[in-house]
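Colleague: There's a structure below that I have some questions on.
There are 4 protein chains.
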Amino acid sequence: MSPDAGTTAPLGVAMIGYAFMGKAHSNAWRNVASYFDVPAFEQKVLVGRDAAAVAEAAAKYGWAETATDWRTVLDRDDIHIIDVCAPGWMHAEIAIAALDAGKHVLLEKPLANTMAEAEAMTAAAAHARSKGVQSMVGFNYRRVPALALAKELIAAGRIGTVRHVRAAYLQDWLADDQAPMSWRLKKETAGSGALGDIASHAIDQVLFLLDDRVTEVSGRVHTFVNRRPGTGGQAGGLEDVTVDDAAWATLSLASGAIASVEASRVATGRKNSLQLEVFGDKGALRFDLENLNELQFLDATAPAREQGFRRILVSEPEHPYVDAWWPQGHIIGWEHTFTHEVRDFLLAVSSGTAPSPSFEDGLEVQRILDAVEQSAASNSTLVQLSPAATPAAGTAGTTEGA
Amino acid sequence: MSPDAGTTAPLGVAMIGYAFMGKAHSNAWRNVASYFDVPAFEQKVLVGRDAAAVAEAAAKYGWAETATDWRTVLDRDDIHIIDVCAPGWMHAEIAIAALDAGKHVLLEKPLANTMAEAEAMTAAAAHARSKGVQSMVGFNYRRVPALALAKELIAAGRIGTVRHVRAAYLQDWLADDQAPMSWRLKKETAGSGALGDIASHAIDQVLFLLDDRVTEVSGRVHTFVNRRPGTGGQAGGLEDVTVDDAAWATLSLASGAIASVEASRVATGRKNSLQLEVFGDKGALRFDLENLNELQFLDATAPAREQGFRRILVSEPEHPYVDAWWPQGHIIGWEHTFTHEVRDFLLAVSSGTAPSPSFEDGLEVQRILDAVEQSAASNSTLVQLSPAATPAAGTAGTTEGA
Amino acid sequence: MSPDAGTTAPLGVAMIGYAFMGKAHSNAWRNVASYFDVPAFEQKVLVGRDAAAVAEAAAKYGWAETATDWRTVLDRDDIHIIDVCAPGWMHAEIAIAALDAGKHVLLEKPLANTMAEAEAMTAAAAHARSKGVQSMVGFNYRRVPALALAKELIAAGRIGTVRHVRAAYLQDWLADDQAPMSWRLKKETAGSGALGDIASHAIDQVLFLLDDRVTEVSGRVHTFVNRRPGTGGQAGGLEDVTVDDAAWATLSLASGAIASVEASRVATGRKNSLQLEVFGDKGALRFDLENLNELQFLDATAPAREQGFRRILVSEPEHPYVDAWWPQGHIIGWEHTFTHEVRDFLLAVSSGTAPSPSFEDGLEVQRILDAVEQSAASNSTLVQLSPAATPAAGTAGTTEGA
Amino acid sequence: MSPDAGTTAPLGVAMIGYAFMGKAHSNAWRNVASYFDVPAFEQKVLVGRDAAAVAEAAAKYGWAETATDWRTVLDRDDIHIIDVCAPGWMHAEIAIAALDAGKHVLLEKPLANTMAEAEAMTAAAAHARSKGVQSMVGFNYRRVPALALAKELIAAGRIGTVRHVRAAYLQDWLADDQAPMSWRLKKETAGSGALGDIASHAIDQVLFLLDDRVTEVSGRVHTFVNRRPGTGGQAGGLEDVTVDDAAWATLSLASGAIASVEASRVATGRKNSLQLEVFGDKGALRFDLENLNELQFLDATAPAREQGFRRILVSEPEHPYVDAWWPQGHIIGWEHTFTHEVRDFLLAVSSGTAPSPSFEDGLEVQRILDAVEQSAASNSTLVQLSPAATPAAGTAGTTEGA
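Right, dumping it as structure tokens:
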């Protein structure tokens, strides 16, 4: 039974963090009800440590109140949902406390910076779920309409048995070796570099699209630029970069498929290119996040002379999530992956069903990232992954639009 | 002097109409202040004839109040801006009354259904402007970052002297001959078909990008499907389509350039493809609205062996409007052409400068559309356009982001 | 009855001209028998006015002998085929004489520089055909495998009823206003500019793909650069350009379709871009000669959510002409449009059937080009084309590979 | 001193093998002199075991004589060049005998099926070279104009220091699990599968483009379809596939760059897609063999707002090899990679310089392939490659067109 049953009061939402992800999540909360039928909710509190800055952000992004201590919102009866956009090293503490306080939690990826944290969080989520308190990890690209369509096509057998998968996430914001240090480039704050930040999305997509499990991993990581200007600028001297610039892996999947994964922050000219290629025995799919409204599909059962990758402009009412938006051919932006995420999270909370991806799904990605690092530390030697002790509940989920 | 000078009260906005364009404009009003520094304003009143429907739309789209008679909002002192999203045949009456009442007017394109209306509106706008009351016609594609960048590159001489221009707007929603009748397919309500609806955008872009004037027009229009199922469905019988499905024109420009223009609603597989190609003697530009975050640029002054059209992913902070949004490579959607439009309109209103495109710009497009129809009615024979009696004021405008 | 019946001697071939087209045709003759089963033939004589130059060319391109007077080869019994690659102003005299001498004629396009010549040639061809002497005009792009496939798909109804067609041929070799004068830029030698040289290909493709007839034409031509450095260079002063740099037309087709045609030699960055788009009520096709091994096909009868233009890499054995070449994915070059042309010409000659495109087909294109010029000279006013007095025989032809 | 010095007799060429590669090499010999200035040569003898079949092939492909025993051509004084297109398992015996007989050898890749053979051949080549007898291994893609241009741009520093490289060769001819057995799918005849056949090309390109050396390799291979219909068809039962369908590797380069390599024969919809991406700190390059006339180049030193991958249509006279061919925009086909190869081989032979890629280059690729297999057999654990004992001579070579 949902904790909200029997009440018609709007769900109260508090969000912790207001940087890049906070801006994107706020946009989702501010707009979701203009496009989708969702339960009533209110953007109540924005939480951040700097009182003035958080006040400005709240005004800008549509939050009614502010707080500087995230613990205070856990005590409030009018807050039902905590949206955690704080940095990764704070995830475990906040999420566990929120779940214990009976709050539904939407948590930005990655689940956590360490395996121990991730496991504790997953246990807390399982416990909370048994009491009707929901949780979800924000692998937002599961809600790109083109990728939701890709999953549907694969599930419907349109490309047959999947064999060979290629996943890559290529960016170039560190191609300039004068790009300065930040918390993202230190192991103690970021956990890892391209691996945790973007390879994680690529790996999550492999699991999502194939609905499969990784059994074996070979990995490699590399830092091309080992020292960068400190926050004091060049005068302040160079500081050590302690995370990877790039990562490579091959993943064996339980089904027999093999996926290659590649992530880079020095792929000059690639701005935000999450590329997926899935080759089955009856067809194939291709996707690039830089053209997020497009899916390339090849039907290998068509007559040979008519075969070819077709560019589906995923903007028809028949496509996942799209009927809420604009007429065909009027494309949507990156930020609406979060709008869809919030929509699905709200529907799950109101219906008392477990949203997807769950913390277990986030833990699964974390285990794979961990195995990549283990393999990388052992000369790329293959690392076996044992099946998860507790199979993730409710991971199938729905990816369909209204 | 701006009528708002000396007051710090937020600008009150009323919007008339809540269909497709109303939904898109509402999105702009609801979000513009989250991304851009704009003067304070309030989404006060949404106006529509059906009280229940307008109430539902207002709740969904963020309007505080509703009204069923647009005249009532003109009488209110707390309303400073009227956003006209009503159908074209209502434009003249509403816009002239609003301007006369001292309200700033943002008006969806096309300016009007007839030349007489367009001229009366332009006169009213000129009169109002002299009293500090501003007006703007919503050729939203001027605020696509890629097209704003294209204009800047042309103005900076990066493609040299422009000679040959190709403009096309291709859609396919009437390719199915069973697609039903609507007000858009009747001359008395829509004025024209593909010509006024989408060729108008293509023509406006030619004027915008080249900052030029049309002197001569040859045109052609055609209706491929002359009868369609009535609103009563097939049983209700077929009704006559009285507007064009497709239109073609060649335009001579004062500079010596020549532009071809082509519009179609039966271009199967083209969903919303506004295509522009501008060939100069030092370079060239290409654009397709289906990939609205991209601009193709060729620099013909580079060494021959390094020349080629480069795909600029218009998502860098250095690009027009983009620094307000997301990190590089995170694309924006079609709807934000309106967000940028509203931002520029608000800035113009608050600074007391004339926004662009003006009603004069809208009239100029109208005159060209009219010439296309005249030519089409005369076996495509060239029609001369005399220079506008009153040159448009303030049409240069700014297209730059914050 | 074929004049070759009863003899097993190889067909003797003489070619007149050895510039650009001569080089391309020679390549076809030199290689056709290595890939296709064709009747035996010999590359006997290369004809050109400059004895030394023609000798060098013959050695390079594989011709056994040379001659400096084309009339001499018409007298030889061992010459059965004349391949005319001489400039357009020589076409009529050579072709008529060759046909009268009982030689099969393969003639580069355009058929002729004037309508009078074209008509005389067509009459000669018809007369010769009645005696078993064949003739063909070299619209080589009919033998691009992707365009042959396009024609087959249209003929098979895969895109339904064709309505809207867009044809363009864009080049940029005259974008530089210092590009020098040549015979191609003077009316007396070239007949016309972009119109005859490249719009002719675009128009021929419209006729070929749709198997249709033009009834009405509106046209426009323009010269952007009116004076160019003479053959003596800048010091020698500027000379007048007397042909068009660009041309535009709309064509009404007997079926009810409408085609736009656009040609330019100043389309900066477009190198050799013959673009075709054919929109039917059940699908669409797109092609660009710069990617000549690809055809884009959209099947509008597929479920909406799976529709999209598919890029067919036309390199499968199932595709026209392709099984003679390389394994799938190994693309062929532009020059093999001529190899296919020569193959089909040889098969037609040996089987005594009329090859396609015939001189009548060439005349039909010429009539349309003439109408474009007439219309252009009359302010773009529509010009009617009466149906050809003598319908072209054997124009359907075969475009299939072996 | 070249063995040909002092003689003006044409070089006599014999070719061994006339299947796929023989057809492609024959095309090169038949046409090279029509486009390039090369020393005089004659297509003298085609060698194959089946007398009737080789006679037919010789007639078709332009060889004057035939032989059924390759040893006979080694004894002839009028044969100076042996072009080895026989299967890989015959390479060592033929090449060593030919070199010992003083014949220049052009040898199809891969160099050999085993490391022992490859080393013996390389020693023979080094010995022969010291006596003026030349040898070359046919990594034909080094002569794709776009890739030759890529190498020049990298060498000129246009993309700065190379860091991250992605190389993939994707085909799909084994995607159908009913595709039958062949010698290519058995270890004893083919050596390996996708690895040796196509990953070898990808690896050679990494070495070629970067002019670098591999120091460390992690690898993986996999066979997705383990049993296939035998040559007797389904009735004949299934036979074991004993080579890989796909291969993955990461390569460390001496410069500090890292390359990923991926090859597949089950990449449904990818027909012949050799993809290369080279990311430097000042720019990037991309290439796909399915569009072999195009190179994508990004100049990261341009102003941010003008940056983007530009599609260079490699068809200008300024591009490597291209001035021999057609006007700009007229693309060439796959087969001319061999035409360029033969051209460069002939020039090297006649000038007495060592052609590139040498057998040492072929051995280097072989050593990397061997390391991939070693690593794959050891759970992907990294394998170190020691620097070659004898550095390859003359490997820099020239890739420029005439």
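As you go down the protein sequences, you meet chains A, B, C and D in turn.
FYI, the UniProt record's numbering numbers position 361 of the first sequence as 361, with every residue one higher than the one before it.
FYI, the UniProt record's numbering numbers position 326 of the second sequence as 326, with every residue one higher than the one before it.
FYI, the UniProt record's numbering numbers position 57 of the third sequence as 57, with every residue one higher than the one before it.
FYI, the UniProt record's numbering numbers position 46 of the fourth sequence as 46, with every residue one higher than the one before it.
Glycine included, every Cβ here is placed at the ideal spot set by N, Cα and C.
Values in this document were obtained by computation on a predicted structure and should not be read as measured data.
#1: Could you check where the alpha helix (DSSP H) with A51 (chain B) kicks off and where it finishes?
#2: List, from N- to C-terminal side, the beta strand (DSSP E) runs of 3 residues or more that fit wholly inside the segment 273–361 of chain D.
#3: Would H222 (chain B) count as contacting chain C if we go by Cβ distances under 8 Å?
#4: Using a Cβ-Cβ cutoff of 9 Å, what residues of the segment 29–52 of chain A are near chain B? List them in chain order.
#5: Taking the CB atoms as reference points, tell me whether W70 (chain C) and V47 (chain C) lie closer together than 8 Å.
#6: Taking CB distances under 8 Å as the criterion, tell me whether G193 (chain D) reaches chain A.
#7: So if I threshold CB-CB distances at 7 Å, which residues from the segment 203–231 of chain B count as touching chain C?
#8: Is any beta-carbon of chain C found at less than 8 Å from that of L253 (chain B)?
#9: So which residues on chain D does R184 (chain A) lean against when the C-beta distance must stay under 8 Å?
#10: What residues in the segment 306–336 of chain D have a beta carbon less than 7 Å from any beta carbon of chain B?
#11: Quick one: which chain A residues come within Cβ less than 7 Å of A304 (chain C)?
#12: So what does Y169 (chain C) bridge to, in DSSP terms?
#13: Please list the terminal residues of the continuous beta strand (DSSP E) segment that includes T66 (chain A).
#14: I'd like to confirm the pairing. Which residues does DSSP put opposite H164 (chain D) in its beta bridges?
#15: Shorter than 8 Å from the beta carbon of L338 (chain B) to some beta carbon of chain D?
#16: Are the C-beta atoms of G17 (chain A) and some chain B residue less than 8 Å apart?
#17: May I ask you to report which of helix, strand or coil DSSP gives T250 (chain D)?
#18: Identify the contact partners of L149 (chain C) in chain A, using a Cβ-Cβ distance below 8 Å as the criterion.
#19: Less than 7 Å between the CB of P10 (chain C) and some heavy atom of the ligand HEM, yes or no?
#20: Determine the burial state of K109 (chain D): buried for a count of at least 16 other Cβ atoms within 10 Å of its Cβ, exposed for fewer.
#21: So with Cβ pairs under 8 Å, would you call F20 (chain A) a contact of chain D?
#22: To the nearest angstrom, report how far apart V221 (chain C) and A199 (chain C) are at their CA atoms.
#23: Let's test the definition: count the other Cβ atoms within 10 Å of the Cβ of F20 (chain A) and tell me whether it reaches 16, buried, or not, exposed.
#24: Which runs of the alpha helix (DSSP H), 4 residues or longer, sit entirely within the segment 107–141 of chain A?
#25: Return no unless some Cβ of chain C is closer than 8 Å to the Cβ of Q171 (chain D).
#26: Under the DSSP definition of a beta bridge, which residues are partnered with V217 (chain D)?
#27: Per the DSSP calculation, V105 (chain A) is bridged to which residue(s)?
#28: Taking just the CA atoms, how far does I81 (chain A) sit from V40 (chain A)?
#29: For I258 (chain A), return the contacting residues in chain D, with the cut-off set at a CB-CB distance below 9 Å.
#30: Would you give the residue range spanned by the alpha helix (DSSP H) that M21 (chain C) belongs to?
#31: For the alpha helix (DSSP H) holding P145 (chain B), just list the boundary residues, first then last.
#32: Using a Cβ-Cβ cutoff of less than 7 Å, which residues in the same chain neighbour I94 (chain A) once the five nearest sequence positions on both sides are dropped?
#33: Does G17 (chain A) come out as helix, strand or coil in the three-state DSSP assignment?
#34: What does the Cβ neighbour count give for K131 (chain B), buried or exposed, with the cut at 16 atoms within 10 Å?
#35: Do R228 (chain A) and V243 (chain A) have their beta-carbon atoms positioned less than 8 Å apart in this structure?
#36: Please classify N272 (chain C) as buried or exposed, where buried requires at least 16 neighbouring CB atoms within 10 angstroms.
Modeller: On the basis of the data shown:
#1: A51 to Y61
#2: 273–280, 283–288, 294–299 and 309–313
#3: yes
#4: R30, N31, A33, S34 and Y35
#5: yes
#6: no
#7: S218, R220, H222 and F224
#8: no
#9: The contacting residues do not exist; R184 (chain A) stays about 18 Å from chain D at best.
#10: E306, Q307, G308, F309, R310, R311, I312, L313, E316, E318 and H319
#11: E316 and E318
#12: C:A263 and C:L274
#13: E65 to A67
#14: D:I258 and D:F279
#15: The sequence shown places Phe at residue 338 (chain B), rather than the Leu named in the question. Not closer than 8 Å to any Cβ of chain D, the Cβ of F338 (chain B) fails to qualify, so no.
#16: no
#17: strand
#18: R305
#19: Among the ligands in the structure shown, none appear at all, so the ligand HEM cannot be discussed.
#20: buried
#21: no
#22: 11 Å
#23: exposed
#24: 115–130
#25: yes
#26: D:L251 and D:V383
#27: A:I82 and A:S135
#28: For the sequence presented, residue 40 (chain A) should be read as Ala rather than Val. Going from the Cα of A40 (chain A) to the Cα of I81 (chain A) covers about 12 Å.
#29: R220, H222, F224, A246 and W248
#30: F20 to Y35
#31: P145 to A155
#32: I16, W70, V84 and A86
#33: coil
#34: exposed
#35: no
#36: buried
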